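Engineer: Here's a structure for you.
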Amino acid sequence: MNKFAMSGRRIAHIRGEKMSAYFDLSEEERLIQQTARDFADSEVAPMAAENDANGQFPRGLVEKLAKLGFMGMLIPEQYGGSNAGNFALVLALEEINRACASTGVTMSVHNSLASSPIVGFANEETKKKYLPKMAKGELLGAYALSEASAGSDAASLQARAVKDGNEYVLNGTKSWITSGAEADLFVVMLRTDPSERAKGISAFAVERDTNGFSVGKKENKLGLRASSTVQLIFEDARVPAENMLGSEGEGFKIAMWTLDGGRIGIGTQAVGIAQACLDASVSYAKEREQFGKLIGEFQAIQWKIADMAMNIEAARLMIYRAARLRDRKEPHTKEAAMAKLFASEMANRAAREAVQIYGGAGYLKDSSVERYFRDVRITEIYEGTSEIHRIVISRFLLKN
Amino acid sequence: MKIGVLVKNVPDTETKIRLTADKQGIETQGVKYVMNTYDEFAVEEALKIRERLQDGTTVTAITLGPERVVETLRTALAMGADEAIHVDDPAFEGGDSLTNARIIARVVEPMGLDLILGGKQGIDYDAAQTCSALAEALGTAQALIAVELKWSEDNQSLEVRRRIEGGDEIVHVKLPAVISCEKGLNEPRYASLPGIMKAKKKEIKKVDLTGVGLDSAEVGASGSATRVVGYSPLSERPECRILEGEPVEIVKELVRALREDAKVL
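Top to bottom, those sequences are chains A and B.
Using my numbering, you'd call the opening residue of the first sequence number 1 and step up by one each time.
Using my numbering, you'd call the opening residue of the second sequence number 1001 and step up by one each time.
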């Protein structure tokens, strides 16, 4: 062991008491969590199964969420947001996702992927134009990076933006766009320089009713059925040059910075769904009888429940820490990747075990765990697959 | 109009209440506290009155208790209350409803409140006495268990629909008055995020024993006319028996069991 590792450990030890600052909730954070919890239980949860079955986007819920300030959590107060920050967003998102992952992803994408890069990189005029309406929920946001042939290899994207006077002319197709069927404003990454790879990409805020811009049909998905996933089609769509976020060539960096936040949100979604799995499992274990006793009295079930609870706790703390780091503007790419990866994998295990505890009943559409099982699968895929996150993490460890 | 709202910090209804080993109190370790459910109706009603009048009406949330109760004041502020007062002193500990009402009376007297709203009862000790005792101490009108308030044109009096056994009673009340609120009065709002962020910046006024101008012998356990001598949990529900078989057989067995086992026939 080298002396640097030793000193590192000592510092961590000295900092021990300060570590709790990552995990302790302040008074207002507890209030935000409580409001989100009450809202999730009384307004979101009762509609989740029906919206899932009908593929019905929870428009009314989004309006109510906006009224409470949950759609402007990363928007500064001068633009009508609550500026509550990433940590508060994580607290709220866990509760909403516990009730309905489709509503949760809509809220996560709007806050982290759409409003956040506009706050961070749009010019003053664009911020004034869009942010107050986004905070009020009048403009629903979406984020468009992926293409049919540019998924994990996002930097290979082909959709073009070509400058023409004070405008850019957009051509190409984006795929897998969450909330795309309903969104009003899209943060879109487009190639402005074909001679470069990542450095040839720029980011734009694109309004839905732009001429030459249309939305394709909804994908028929395994889970998150109340949230839409669509293609975006650009055919000579013209966007004002002032709608560019940052400057030309900065789009990929902006996209990655934005995704660091989004990944914390998706990790949170996984924690929320896993918590729902645990709650359902505990209550079923306390009512279902076999062999003359409650199944919760069997060690096989006890161990599953204990493992679920332990992994949820670990994932939650990783998420908390990543969110705190992002709020403090400290480096957090690795921490966000670790949190998202760990949370999504543990949540998939939790959902599998919840269905197992329910037995045949868990395989039926009538049970909530059947929906959790389908909804949770995507958390290992979108906003960076598990494989991509392992690459991100190992890069930090092996570079130089 | 100046409105005061009494709020109380009580264990969440989902919390499992356990007695301390000596059965003299409730185990507070691990208990989650929230605003008393009925007080939410009181806060909501006060905010609705303020929104209707639009005349600079103020809403002040008031609570008595140790440091943890501040969270409930923050909740009231986050819902939209203008000000908050935290009444706290080690000498207040162990006081009964009457003693606490006297303390609150001292706090609100100089404020010149027109209306005081509170929950019909605390969901913790269920005494349902504070509002009544406060009205007595202040010498104002009182109307308890309100499900509807109908204001006169000049907003100086109101008709209160009270829920009583088997029906409602409608009483005419002149201000100043104390009114306790029942479920059904309104639909309490959620604390919004902007509300929570604003509440963070609002100052909570502290009032202690000196501030209320009472002697320590008049407050807390020593100033109380009643004293809790102990708590006992409800006896466990006996095990439920489900009779199976043909209806004729079940009825026979039921009658036998009621006669011979339960001895109720």
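C-beta: ideal position from N, C-alpha, C; glycine also.
Just so you know, these numbers come straight off a predicted model, no measurement behind them.
(1) Would you call Gly384 of chain A buried or exposed, if buried means 16 or more other Cβ atoms sit within 10 Å of its Cβ?
(2) Could you check how far apart the C-beta atoms of Gly267 of chain A and Lys163 of chain A are, in whole angstroms? I think they sit under 8 Å.
(3) I'd like to confirm the pairing. Which residues does DSSP put opposite Gly272 of chain A in its beta bridges?
(4) Using only the alpha-carbon positions, how far apart do Ala92 of chain A and Phe1041 of chain B sit?
(5) Across which residues does DSSP place Asp1168 of chain B in a beta bridge pair?
(6) If contact means a Cβ-Cβ distance below 8 Å, which residues of the region 1062-1081 of chain B contact chain A?
(7) Can the beta-carbon of Gly1004 of chain B be found less than 9 Å from the beta-carbon of Leu1117 of chain B?
(8) If you compare alpha carbons, which of B:Val1212, B:Glu1246, B:Ala1257, B:Cys1240 is closest to Pro1110 of chain B?
(9) Would you kindly report the start and end of the unbroken beta strand (DSSP E) that includes Lys1200 of chain B?
(10) Which residues in chain C have a C-beta closer than 7 Å to the C-beta of Glu297 of chain A? List them in chain order.
(11) Of all the CB atoms in chain B, is at least one closer than 9 Å to the CB of Glu380 of chain A?
(12) So, is Asp279 of chain A buried or exposed, given that buried needs 16 or more other C-beta atoms within 10 angstroms?
(13) Where do the ends of the alpha helix (DSSP H) carrying Val1255 of chain B lie?
(14) Does the count of Cβ pairs from the region 1113-1128 of chain B and the region 1021-1039 of chain B closer than 8 Å reach three?
(15) State the DSSP-derived secondary structure class of Ile357 of chain A, mapped to helix, strand or coil.
(16) Could you round the C-beta distance between Met310 of chain A and Ala343 of chain A to whole angstroms and report it? I think they count as a contact, below 8 Å.
(17) With DSSP as the reference, please indicate the residues paired to Glu383 of chain A in a beta bridge.
(18) Need the endpoints of the alpha helix (DSSP H) that Phe1041 of chain B sits in, please.
(19) Verify whether the separation of the beta carbon atoms of Val1069 of chain B and Thr1060 of chain B is less than 9 Å.
(20) Identify the continuous alpha helix (DSSP H) that holds Arg371 of chain A and give its terminal residues.
(21) Taking any Cβ of chain B, which residues in the region 60-76 of chain A have a Cβ under 8 Å from it, in chain order?
(22) Can you pull the chain A neighbours of Tyr1190 of chain B, defined as C-beta to C-beta under 7 Å?
(23) Tell me, which residues are paired with Arg238 of chain A by DSSP?
(24) Going by C-alpha to C-alpha distance, which of A:Gly246, A:Lys174, A:Glu250 sits closest to Gly216 of chain A?
(25) Could you give the DSSP three-state label for Ile233 of chain A: helix, strand or coil?
(26) What residue ranges within the region 1083-1116 of chain B form continuous beta strand (DSSP E) runs of no fewer than 3 residues, ordered along the chain?
(27) Can you give me, in chain order, the residues of the region 1192-1217 of chain B that have a beta carbon less than 9 Å from any beta carbon in chain A?
(28) Could you name the residues of chain B that Ala84 of chain A contacts, counting a contact when the two beta carbons are closer than 7 Å?
(29) Can you check whether the CB of Asp1089 of chain B is closer than 9 Å to the CB of Ser1224 of chain B?
(30) Helix or strand or just coil, what does DSSP make of Cys1308 of chain B?
(31) With a cut-off of 8 Å, do at least 3 Cβ pairs link the region 49-61 of chain A to the region 93-109 of chain A?
(32) Work out the CA separation of Gly360 of chain A and Ser281 of chain A for me, nearest whole Å.
(33) Any C-beta of chain B sitting closer than 9 Å to the C-beta of Leu434 of chain A?
(34) Please report how far the alpha carbon of Gly1065 of chain B lies from the alpha carbon of Arg1189 of chain B, in whole angstroms.
(35) Let me know if Ala1021 of chain B comes out buried or exposed under the rule of 16 or more other beta-carbons within 10 Å of its beta-carbon.
(36) Let me know if Thr1028 of chain B comes out buried or exposed under the rule of 16 or more other beta-carbons within 10 Å of its beta-carbon.
Structural biologist: On the basis of the supplied data:
(1) Your numbering for residue 384 of chain A matches position 384 in the first sequence. Under this definition Gly384 of chain A is a buried residue.
(2) By 1-based counting over the first sequence, the position of residue 267 of chain A is 267. By 1-based counting over the first sequence, the position of residue 163 of chain A is 163. Between Lys163 of chain A and Gly267 of chain A the Cβ distance is about 38 Å, and since that is not below 8 Å, they are no contact.
(3) The count along the first sequence starts at 1 and reaches residue 272 of chain A at position 272. Answer is none; Gly272 of chain A lacks a bridge partner.
(4) For the purposes of this step, residue 92 of chain A is taken as the residue at position 92 of the first sequence. For the purposes of this step, residue 1041 of chain B is taken as the residue at position 41 of the second sequence. If I take the Cα positions, the gap works out to 24 Å.
(5) Here residue 1168 of chain B refers to the residue found at position 168 of the second sequence. Per DSSP, B:Arg1163.
(6) Those residues of the region 1062-1081 of chain B that come within reach of chain A (Cβ to Cβ, closer than 8 Å) are Val1070, Glu1071, Arg1074, Thr1075, Ala1078.
(7) The count along the second sequence starts at 1 and reaches residue 1004 of chain B at position 4. The count along the second sequence starts at 1 and reaches residue 1117 of chain B at position 117. Going by C-beta atoms, Gly1004 of chain B is nearer than 9 Å to Leu1117 of chain B.
(8) As a position in the second sequence, residue 1110 of chain B is number 110, starting the count at 1. Of all alpha-carbon atoms in B:Val1212, B:Glu1246, B:Ala1257, B:Cys1240, the one lying nearest the alpha-carbon of Pro1110 of chain B is that of B:Val1212.
(9) The count along the second sequence starts at 1 and reaches residue 1200 of chain B at position 200. Careful: Lys1200 of chain B lies outside any beta strand (DSSP E), inside the alpha helix (DSSP H) at 1193-1201.
(10) The question asks about chain C, but that chain is absent: this structure's protein chains are A and B.
(11) To locate residue 380 of chain A, count along the first sequence from 1; it is residue 380. No, Glu380 of chain A does not count as interfacial toward chain B.
(12) For the purposes of this step, residue 279 of chain A is taken as the residue at position 279 of the first sequence. Answer is exposed; the Cβ neighbour count stays below 16.
(13) Counting from one through the second sequence, the residue named residue 1255 of chain B turns up at place 255. Segment 1247-1256, the alpha helix (DSSP H) holding Val1255 of chain B.
(14) They touch, by the three-pair rule.
(15) Taking the first residue of the first sequence as position 1, residue 357 of chain A is located at position 357. Three-state DSSP puts Ile357 of chain A in a helix.
(16) By one-based count along the first sequence, residue 310 of chain A stands at place 310. By one-based count along the first sequence, residue 343 of chain A stands at place 343. No, Met310 of chain A and Ala343 of chain A are not in contact; Cβ-Cβ is about 13 Å, not under 8 Å.
(17) The residue labelled residue 383 of chain A in the question sits at position 383 within the first sequence. Bridge partners of Glu383 of chain A: none, in fact.
(18) Translated into positions along the second sequence, residue 1041 of chain B becomes position 41. Counting along the chain, the alpha helix (DSSP H) containing Phe1041 of chain B begins and ends at 1037-1053.
(19) As a first step, residue 1069 of chain B must be located in the second sequence, where it is residue number 69. As a first step, residue 1060 of chain B must be located in the second sequence, where it is residue number 60. Taking 9 Å as the Cβ cut-off, Val1069 of chain B and Thr1060 of chain B do not qualify as a contacting pair.
(20) Indexing the first sequence from 1 puts residue 371 of chain A at position 371. Its alpha helix (DSSP H) spans residues 368-376.
(21) Those would be Lys67, Leu68, Gly69, Phe70, Gly72, Met73, in chain order.
(22) Position 190 of the second sequence, counted from the start, is the residue given in the question as residue 1190 of chain B. Listed by position along chain A, the residues whose Cβ is nearer than 7 Å to that of Tyr1190 of chain B are Thr35, Asp38, Phe39, Leu68.
(23) By 1-based counting over the first sequence, the position of residue 238 of chain A is 238. Answer by DSSP bridge pairing, in chain order: A:Val169.
(24) Here the question's residue 216 of chain A lines up with position 216 in the first sequence. Residue A:Lys174 is the option with its Cα nearest to Gly216 of chain A.
(25) Taking the first sequence and counting its residues from 1, one reaches residue 233 of chain A at position 233. Reduced to three states, the DSSP call for Ile233 of chain A is strand.
(26) 1083-1087
(27) Ser1192, Leu1193, Pro1194, Gly1195, Ile1196, Met1197, Ala1199, Lys1200
(28) Taking the first residue of the first sequence as position 1, residue 84 of chain A is located at position 84. Per Cβ cutoff of 7 Å: Leu1193, Met1197.
(29) Start at 1 with the first residue of the second sequence, and residue 1224 of chain B comes out as number 224. Start at 1 with the first residue of the second sequence, and residue 1089 of chain B comes out as number 89. Contact flag unset, no.
(30) For chain B, the structure presents residues 1001 to 1265; residue 1308 of chain B sits outside this window and is missing.
(31) yes
(32) Residue mapping note: residue 281 of chain A aligns to position 281 of the first sequence, counting from 1. Residue mapping note: residue 360 of chain A aligns to position 360 of the first sequence, counting from 1. Taking the straight line joining both Cα atoms gives about 14 Å.
(33) There is no way to answer for residue 434 of chain A, as the model of chain A reaches only from 1 to 400.
(34) The count along the second sequence starts at 1 and reaches residue 1065 of chain B at position 65. The count along the second sequence starts at 1 and reaches residue 1189 of chain B at position 189. So the two alpha carbons sit approximately 24 Å from each other.
(35) Counting from one through the second sequence, the residue named residue 1021 of chain B turns up at place 21. Exposed: under 16 other Cβ atoms inside 10 Å.
(36) As a working mapping, residue 1028 of chain B is identified with position 28 in the second sequence. Looking at its Cβ environment, which holds fewer than 16 other Cβ atoms inside 10 Å, Thr1028 of chain B is exposed.
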